[in-house]
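Take 1 as the starting number for the sequence shown in my numbering and just add one per residue.
To start, the structure under review is shown below, and the notes come after it.
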Amino acid sequence: MWTALLLATAIAFGTKLAGHLVPAHLLESPRVRRVTAALPVALLAALVATQAFTAPGGALVLDARAAAVGVAVVALLLRAPFLLVVVLGAATAAVLRAVGWG
């Protein structure tokens, strides 16, 4: 276990160091700026999709989590405040689980 931990630490450190060694002129191009601006959104969307539509075994499921994400998306499209979006999503999942779905 310690070998894996030390290896992961070394890889993380190496990746971070490599990021600092990239010349600044490569990071200032418009294409790189567009990609780095869109990357967090894409990663967050992938995380939400993975958490909302997969079961612990890796199978695709549609349950209360998927319905909660759907309600949250509709609330976002209607420009609801973020706190309300979170509350609506959580309430949707809670109600659906309480009635036995998901």
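Cβ atoms here follow ideal geometry from the backbone N, Cα and C, with glycine treated the same way.
Inset, instruction - Have a look at V87 and V69 and give me their C-alpha separation to the nearest angstrom. - result: 11 Å
Legend entry - Bounding residues of the alpha helix (DSSP H) (the contiguous stretch that carries W2): 2-21
Inset, instruction - Give the straight-line distance between the Cα atoms of A59 and F53, rounded to the nearest whole angstrom. - result: 8 Å
Legend entry - Per-residue DSSP class, three states only, for L77: helix
Inset, instruction - Report yes if the C-beta distance between V85 and A75 is below 8 Å; otherwise report no. - result: yes
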